[in-house]
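Asks:
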Amino acid sequence: MRAVLQRVTEASVSIGGQIKSSIGNGLLILLGICEEDTPEDIEWLANKIVNMRIFSDENGVMNKSVMEVCGQIMVISQFTLYASYKKGNRPSWFRAAGHEISIPLYQAFCKRMSEVAHQKVAEGEFGADMQVSLVNDGPVTICVDTKNKE
Numbered sequence: 004m005r006a007v008l009q010r011v012t013e014a015s016v017s018i019g020g021q022i023k024s025s026i027g028n029g030l031l032i033l034l035g036i037c038e039e040d041t042p043e044d045i046e047w048l049a050n051k052i053v054n055m056r057i058f059s060d061e062n063g064v065m066n067k068s069v070m071e072v073c074g075q076i077m078v079i080s081q082f083t084l085y086a087s088y089k090k091g092n093r094p095s096w097f098r099a100a101g102h103e104i105s106i107p108l109y110q111a112f113c114k115r116m117s118e119v120a121h122q123k124v125a126e127g128e129f130g131a132d133m134q135v136s137l138v139n140d141g142p143v144t145i146c147v148d149t150k151n152k153e
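Residue numbering for the sequence shown follows our numbering, starting at 4 and increasing by one per position.
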């Protein structure tokens, strides 16, 4: 699994001109899933994200987690995180998992994030044409890949 974490002051996702979900201060997570991903990847990634100290403390130092600042969380499926761009100029998506794998893993990840964060997690709609709006705070953007745990 690949995740792009963006620390935001606000974020929303719209489908067909209608806002589906929105959050205030917290994390927007773009999540890519490949065929090799497992429930163990979900567990590791969810715990890593909720404990990552990327929010400022009273001294302006990134020393607090999303939990410690009572931040909200939004998860958006993002198969393009597995773009292959080695040949030519048109990316291919052969590394991204198909729907039969990615939908259950996306849903399981969102559920696990809700459990470890002790809050409802805002979501997009898997496979929909979504428009994501955000105000990146910092800017802070961090890429995490479960294949690079060490």
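All C-beta atoms in this analysis are idealised placements derived from N, C-alpha and C, irrespective of residue type, glycine included.
Which residues mark the beginning and the end of the beta strand (DSSP E) in which cysteine 146 is found?
Replies: 133 to 148 is the extent of the beta strand (DSSP E) around cysteine 146.
Asks: Please report the residue range of the beta strand (DSSP E) in which arginine 10 lies.
Replies: Here the beta strand (DSSP E) through arginine 10 covers 5 to 18.
Asks: Cysteine 37 and alanine 86 - do their beta-carbons sit closer together than 8 Å?
Replies: Not closer than 8 Å, so no.
Asks: Measuring CB atoms only, is the region 9 to 20 touching the region 34 to 53, in the sense that at least three cross pairs come out at less than 8 Å?
Replies: Verdict: no, contact absent.
Asks: State yes or no: is the C-beta of leucine 137 within less than 8 Å of the C-beta of glycine 74?
Replies: No, Cβ-Cβ distance for leucine 137 and glycine 74 is not below 8 Å.
Asks: Have a look at valine 124 and serine 117 and give me their C-alpha separation to the nearest angstrom.
Replies: Their backbone Cα atoms lie some 5 Å apart in a straight line.
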